[in-house]
Amino acid sequence: EPRLALLGLAVLLAGAAFPGFAGNRFRPLPTVLWVAALACLYAAFAQRGALRLPAGAAIRERAAGGVRVSRELLLVGGIVLVGAFLRLYRLDAIPAEMGTDMPLKYENAREILQGQFMIFCPRYPGRESLLFYLIALYGRLFGLGYFAIKFTTAVLGVATIPALYVLARELYGRRVAAVAATLLALSRWHVTLSRTGYRAILVPLFLAVLMLLLVRALRRASGPGFVAAGLVLGLGMYTYNSFLVVPPTLGLVLAVEMALFGKGWLRRYGWGLVGMALAAVLVFLPLGYYILEQPQVYAFRVATRLTDVEAPLPAQPWRVLAGNLLRAAGMFNLKGDVVAYTNVPNRRHLGAVSGALFVAGVAYALVRWRRGHNAMVLAFLGAMILPTGLALAFPNEVPNAGRASGVLTSTYLLAAVPLVALYRQAAALRLPDWLRREPGSLPGGWRRAAGVLPAVVLIGLLGAELRETWQGYFQDYVRHLPGGNYAISLEIARVLDEFEGEGESYVVVWPYWFDGNALRAQLRVKPRTWDWELPRLDPNKPPLSTARGKVLFIVHPGDTETLVMLRECFPRGVAIGHRDNNGQVAFVTFYGER
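Per my numbering, the sequence shown starts with residue 1440, numbered consecutively.
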């Protein structure tokens, strides 16, 4: 049997590759064997004619007819362009400050560019590696920096829009697909995550693709479709730790599908499910080896929120969990994330229009949970709330816009359904018979206006969502960022680079002032060492006691003791205050000379 032979070969190749992933590295030979195993697995499940290329005559006929662009493609292209604009407009400037997380991501991508092909990135607190390979690819082509991180996640955010469109079309039809994609394109929540550089942006994209492949495989009983879903499921484990809840949720979804289908479900889909499981396991192999080697490092971040690794657990964890889940449920329309980098603090995550539609959509799906794949959409909605709700050791972090990013897929699917239903009902309304029978009872212009009114209302609602997102992100979000979106680490780096070559320069540390990793990541001239960061100054010790020629000290404006000391050591020195976008002094540069 060719299928069994290919399956056997896939297992042998995977087994030969597995030990080669030791030491947290993708190496050439094991990686080639691993990819070959995946190819053999797909070939084993490929049905005859599953991948059909157009015949020569068909190709010639299409060429003679020219290139045709369908209305649907134009519509989706327009939606994607709007979404791309919101995610790329002034991306270099918003957000401006690198913060505390981005420097570590920068280092992960830099290490990959240096040839350290890691399976898992162990830098504190440990991160899945897929995003950093994509950032490194951009860095190889255009240069690595803060913009490279933001641009990569912005593009991933844009890619999620057509992915959601195709999924929604498969589930609910083209009109729902168009509305769902538009709502996602206009989503302030998704726009913000797309522009921040966080791995969380991968989750809604992978979840949309996984659900699409699974729905198609179930409808067509397609072996290759199930294998493709398994590949995405396995690769999703390299995206972000919130994806950990997807495999058990998928098991629950399949159990519900089996119950709803009735007898013969396993006979129809059993072979495909085996292929999906094998594909997921094979893709997961390298990460699985790392987990066997370093289980504590891999699980550390999740453990810090679920256990007492970093903070003591509450006395009544079940009560805290209930409160967490309630706050997580309220993030859509009541009170959202408090972290200014991922949300306007405390503002609901959905807009007024999308929030109301989401509530109606959930009610619709609950009432009709047996129809179509509504149960799947609801299951993933509920499951993807758990990554934020399970922060038992840090309930003050709930809700978290990033950890809850997986709900975005189901959220905008459900929000689109009632709006399209209302549009269809409004468009189907007919004028009363007496108005249609009596000549002159209603002018023709009014009749035509009544016909286009539903479309006008639809456009108006989407316009209101766009306006709220524009103001919420490009005005309110910017205003709430530290210093009114002031890039303190970048500005300090510029000062240090400009002074390099004229004399020695130092930064005097002050608690919670700036991130040294962010500062070093943005230096272009000055060496990226730790030597020039000083915990404090002493007139009798270097560098004050040995300073000759020009010297620069960068000081926090509140560090009056250091500023007084510098004026005493350099009577002719000059202190210059650098103000943030709110007009407050962010740091002081003191130029001295002996």
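The beta carbon of each residue, even a glycine, is placed where N, CA and C say it ideally should be.
Q) Going along the chain, which residues of its own chain have a beta-carbon closer than 6 Å to the beta-carbon of L1569, five neighbours each way excluded? A) Closer than 6 Å at Cβ, skipping near neighbours: Y1677 and T1678.
(Q) Between A1768 and the ligand SAM, is there a pair consisting of the residue's CB and a ligand heavy atom that are separated by less than 7 Å? (A) The ligand SAM is absent from the structure shown, which contains no ligand whatsoever.
Q | Contact under 8 Å by Cβ, Q1914 with A1932 | A | Contact: no.
Q | Residue of G1911, L1530 and G1669 minimising C-alpha distance to S1633 | A | The shortest Cα separation from S1633 among G1911, L1530 and G1669 belongs to L1530.
Q) For G2016, which residues does DSSP report across the bridge? A) For G2016, which the question treats as bridged, DSSP gives the partners V2027.
**Q.** Beta-carbon proximity list for A1598, same chain, < 7 Å, skipping 5 on both sides
**A.** Cβ neighbours of A1598 beyond the five flanking positions: L1644.
Q: Just the C-alpha distance for P1734 and L1689, rounded to the nearest angstrom, thanks.
A: Straight-line Cα distance between these residues: approximately 24 Å.
Q: Pair every Cβ in the segment 1962–1978 with every Cβ in the segment 1934–1954, then say whether three or more of these pairs are closer than 8 Å.
A: The segment 1962–1978 vs the segment 1934–1954: in contact.
Q | Cross-strand partners of F1682 (DSSP beta bridge) | A | According to DSSP, which records beta bridges pairwise, F1682 is partnered with nothing at all.
Q) What does a CB cutoff of less than 6 Å around E2032 pick up in its chain, not counting 5 residues either side in sequence? A) Excluding residues up to 5 positions away in sequence, K1989 lie with their Cβ nearer than 6 Å to the Cβ of E2032 in the same chain.
Q: Please go through the same chain and pick out, in chain order, the residues whose beta-carbon is closer than 6 Å to the beta-carbon of A1840, but skip the five residues on each side of it.
A: Cβ-Cβ distances below 6 Å link A1840 to D1776, T1781 and N1782 in the same chain, with the five nearest sequence neighbours on each side left out; the list follows chain order.
Q: Please name the residue in V1759, G1811 and I2015 whose C-alpha comes closest to that of L1991.
A: Of the candidates V1759, G1811 and I2015, the one whose C-alpha sits nearest the C-alpha of L1991 is I2015.
Q: Report all residues from its chain with a CB closer than 8 Å to the CB of P1542; omit the five preceding and five following residues, and keep chain order.
A: Counting only Cβ-Cβ distances below 8 Å, and skipping sequence neighbours, we find D1954, N1956, A1957, R1959 and A1960.
(Q) I'd like to know whether the C-beta atoms of S1661 and G1711 end up nearer to each other than 8 Å. (A) Yes.
**Q.** Extent of the continuous alpha helix (DSSP H) to which Y1649 belongs
**A.** Looking at the sequence shown, residue 1649 is not Tyr but Leu. Counting along the chain, the unbroken alpha helix (DSSP H) around L1649 starts and ends at L1641 to R1659.
Q. Tell me which same chain residues have a C-beta within less than 7 Å of the C-beta of V1846, skipping the five on either side of it?
A. Non-local beta-carbon contacts of V1846 in its own chain, meaning distances under 7 Å to residues more than five positions away in sequence, involve L1820, M1823 and I1824 in chain order.
Q. Which word fits Y1912, buried or exposed, when buried means at least 16 other C-beta atoms lie within 10 angstroms of its C-beta?
A. Y1912 comes out buried.
Q: Within 10 angstroms of the Cβ of G1459, are there 16 or more other Cβ atoms? Answer buried if so, exposed if not.
A: Counting Cβ neighbours within 10 Å, G1459 comes out buried, since at least 16 surround it.
Q: Could you pull out every residue in the same chain whose Cβ sits closer than 6 Å to the Cβ of C1479, ignoring the five residues on either side in sequence?
A: Contacts found: L1445, L1448 and A1449.
Q.
Taking the alpha carbon of G1554 as the reference point, which residue from A1624, Y1611 and N1463 has its own alpha carbon closest?
A. Nearest neighbour of G1554 by Cα position, chosen from A1624, Y1611 and N1463, turns out to be N1463.
**Q.** Reduced DSSP category for F1559 - H, G, I as helix; E, B as strand; rest coil
**A.** F1559 sits in a strand when the DSSP states are folded into three classes.
Q.
Just verifying my parser: in three-state terms, what is the DSSP assignment at I1533?
A. Note: I1533 maps to coil in three-state DSSP.
Q: In angstroms with no decimal places, state the Cα-to-Cα distance between R1549 and A1804.
A: The alpha-carbon atoms of R1549 and A1804 are separated by roughly 45 Å.
Q) In the structure shown, what three-state DSSP assignment does E1567 receive? A) In this structure, E1567 counts as strand in the three-state DSSP scheme.
Q | Coarse secondary structure for F1992, derived from DSSP in three states | A | F1992: strand per DSSP, three-state reduction.
Q. Can you tell which of F1457, L1514, I1993 and A1843 has its C-alpha closest to the C-alpha of L1935?
A. Comparing C-alpha distances from L1935 to each of F1457, L1514, I1993 and A1843 shows the shortest one belongs to I1993.
Q) Would you say V1895 faces chain B, with C-beta separation under 8 Å as the test? A) Considering every chain present, this structure includes no chain B. It has just one protein chain.
Q) Smallest Cα separation from K1544: which of R1562, P1534 and I1558? A) Of R1562, P1534 and I1558, the smallest CA-CA separation from K1544 is found for R1562.
Q.
Can you find the residues in the same chain that come closer than 8 Å, C-beta to C-beta, to G1922, ignoring five residues on each side of it along the sequence?
A. Setting aside the 5 residues that flank it on each side, G1922 is surrounded in the same chain by E1536, D2019, N2020, N2021, Q2023 and A2025, each with a C-beta closer than 8 Å to its C-beta; the list follows chain order.
Q: Let me know the secondary structure DSSP gives S1633 once reduced to three states.
A: If DSSP states are grouped into helix, strand and coil, S1633 belongs with the helices.
Q | Segment contact, 8 Å Cβ cut-off, at least three pairs: the segment 1609–1629 with the segment 1566–1583 | A | Segments in contact, no.
Q. If you draw a straight line from the alpha carbon of V1741 to that of N1680, how long is it in whole angstroms?
A. Distance between the alpha carbons of V1741 and N1680: 7 Å.
Q | Where the beta strand (DSSP E) containing V1946 begins and where it ends | A | Counting along the chain, the unbroken beta strand (DSSP E) around V1946 starts and ends at G1942 to V1947.
(Q) Using the Cβ count rule (16 or more neighbours within 10 Å means buried), how would you classify S1984? (A) Counting Cβ neighbours within 10 Å, S1984 comes out exposed, since fewer than 16 surround it.
**Q.** Assigned exposure category for P1663 - 16 Cβ within 10 Å defines buried
**A.** Residue burial annotation: P1663 is buried, with at least 16 other C-beta atoms found within 10 angstroms of its C-beta.
Q | alpha helix (DSSP H) segment containing R1740, residue limits | A | Looking at the DSSP string, the run of the alpha helix (DSSP H) that includes R1740 is P1734 to L1745.
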